[in-house]
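Shown next, in structure tokens, is the structure this report addresses.
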Amino acid sequence: MSTIAITGATGQLGQLVVASLKTKVPASQIVALVRNPAKAASLGVAARTFDYSKPETLAPALAGVQTLLLISSNEVGQRAAQHRNVIDAAKKAGVQRIVYTSLLHADTSAITALAGEHNDTEAALKASGLTYTILRNGWYTENYTASVPGAVAGGAFLGAAGDAKISSAARADYAEAAAVVLAGAGHENKIYELSGDQAYTLSDLAAEISRQTGKNIPYKNLTEAEYAAALKGFGLPAPAAAAYANFDAGAAQGALFDDGHILSKLIGRPTTPLATLVAKALKA
Ligand SMILES: NC(=O)c1ccc[n+]([C@@H]2O[C@H](COP(=O)([O-])OP(=O)(O)OC[C@H]3O[C@@H](n4cnc5c(N)ncnc54)[C@H](OP(=O)(O)O)[C@@H]3O)[C@@H](O)[C@H]2O)c1
16 MSTIAITGAT
26 GQLGQLVVAS
36 LKTKVPASQI
46 VALVRNPAKA
56 ASLGVAARTF
66 DYSKPETLAP
76 ALAGVQTLLL
86 ISSNEVGQRA
96 AQHRNVIDAA
106 KKAGVQRIVY
116 TSLLHADTSA
126 ITALAGEHND
136 TEAALKASGL
146 TYTILRNGWY
156 TENYTASVPG
166 AVAGGAFLGA
176 AGDAKISSAA
186 RADYAEAAAV
196 VLAGAGHENK
206 IYELSGDQAY
216 TLSDLAAEIS
226 RQTGKNIPYK
236 NLTEAEYAAA
246 LKGFGLPAPA
256 AAAYANFDAG
266 AAQGALFDDG
276 HILSKLIGRP
286 TTPLATLVAK
296 ALKA
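Under this note's numbering, the very last position in the sequence shown is 299; numbers go up by exactly one each time.
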């Protein structure tokens, strides 16, 4: 029996990966690697304690695991070291393949604040000698649709991405791709650039919100500094506001665009339409 383990399994992406993987392999083959096993009870698979920042605990938790999905940590700034801890432990524990969630076009991305740690991890994976698959995930559409209620309340969708095209996809689409790659063969030492089928601008997104609500919600493009100030005004801590504004400035340079359609090829269906996720955000 081949065991597949998933880190970050209690996170938003991880939960969806476990659910999708359960449709492809028996639940008994899946192990959730989590900081807090109590939080993993609803996943319906075995859970083991796993904290990227506690290196000595990692290799024992990986005993008997053949395939590992390393979901990138959300602790920006500590991630390169944390991911190196996991890769070292996987090697020690005899893991055969690591699947890693990286960033779209990590090697050339204008979103340098995020790309650096992903590039470090990709390099560590290649240097490890382990078989790897790198899933360079594009933006989650939910990153933008989370602002839909605020845009409706405020009468405009704010951003700093100009008229750049954005090829985001639903978290569930990326999760399904991860499950396909974990359960299947032929993905050895491959790097996949994953993005949504339907590229849109933030004006297109605002138009879709307007269409679904029957209200006029225009897109208002701001400079990076103006957008950071606006986000801070909405109550975001200054560093987070600056980071989100910087991501949009990267988007303005095309960092979130890709037209390879590899994600839909992997999952065997079109990625979730923008309109579906806007409707979901309006119902929330
Ligand atoms: N493509 C995109 O648009 C996008 C957007 C945001 C983030 N990301 C990246 O993609 C990852 C997955 O996205 P998501 O939406 O699932 O994020 P999320 O909901 O924040 O989940 C992050 C997961 O990482 C786990 N984690 C954090 N620090 C850890 C540590 N020290 N040891 C072990 N586990 C740790 C968390 O554990 P707990 O459950 O215990 O908290 C959580 O399960 C993020 O972590 C981030 O690297 C991508």
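Virtual Cβ for every residue (Gly too), placed ideally from N, Cα, C.
Taken atom to atom, the span from the alpha-carbon of Ala266 to that of Ser183 is near 11 Å.
Bridge partners of Arg63 according to DSSP: Leu48. Short of 7 Å from the beta carbon of Gly177, and not among the five residues preceding or following it, lie these beta carbons of its own chain, in chain order: Asn236, Ala267. Contact annotation: Ile126 and Gln81 have beta-carbon atoms that are not nearer than 9 Å. Inclusion of Phe172 and Ala166 in the CB contact set at 9 Å is warranted, their separation being smaller than that value. Of all C-beta pairs linking the region 128-146 to the region 215-233, fewer than three are shorter than 8 Å, placing the two stretches out of contact. Burial of Thr22 is indicated by the presence of at least 16 other C-beta atoms within 10 angstroms of its C-beta. In the structure shown, Phe272 adopts coil according to DSSP, grouped into three states. When distances are taken from the beta-carbon of Val114 to the heavy atoms of ligand 1, even the shortest one reaches 8 Å or more.
Thr25 sits in coil when the DSSP states are folded into three classes, being neither helix nor strand.
Distance from the CA atom of Ala74 to the CA atom of Asp103, rounded to whole angstroms, is 8 Å. Per DSSP, reduced to three states, the secondary structure at Thr116 is strand. By the Cβ-count criterion, Arg151 is buried, with 16 or more other Cβ atoms from all chains shown falling within 10 Å of its own Cβ. Around the beta carbon of Glu90, fewer than 16 other beta carbons lie within 10 angstroms, which makes this residue exposed. Look at Asn89 here: in three-state DSSP terms it is coil, with no helix or strand label. Taking C-beta separations shorter than 7 Å and ignoring five residues to either side along the sequence, the partners of Asp122 in its chain run Asn134, following chain order. Secondary structure in the region 130-180: the alpha helix (DSSP H) runs of 4 residues or longer, each lying completely within the stretch, are 156-160, 163-169 in chain order. The C-beta of Gly248 has fewer than 16 other C-beta atoms within 10 Å across all chains shown, which makes the residue exposed. The beta carbon of Tyr259 sits no closer than 8 Å to any heavy atom of ligand 1.
With contacts defined as CB atoms closer than 9 Å, Ala194 and Tyr207 fail to qualify as a contacting pair. Taking a C-beta distance under 9 Å as the contact criterion, Leu119 and Leu209 qualify as a contact pair. The region 108-119 makes contact with the region 144-159: 3 or more CB pairs, one atom from each, lie closer than 8 Å. Annotated three-state conformation of Glu208 is strand, per DSSP. Taking 8 Å as the cut-off, one finds no heavy atom of ligand 1 near enough to the beta carbon of Glu223.
Here Ala200 is exposed, its C-beta having fewer than 16 other C-beta atoms within 10 Å. Excluding the 5 residues flanking it on each side, Gly269 has same chain C-beta neighbours closer than 8 Å at Ala125, Ala179, Lys180, in chain order. The bridge partners DSSP lists for Tyr234 are Phe172. Cβ atoms of Ala198 and Leu31 stay farther apart than 8 Å, at about 14 Å.
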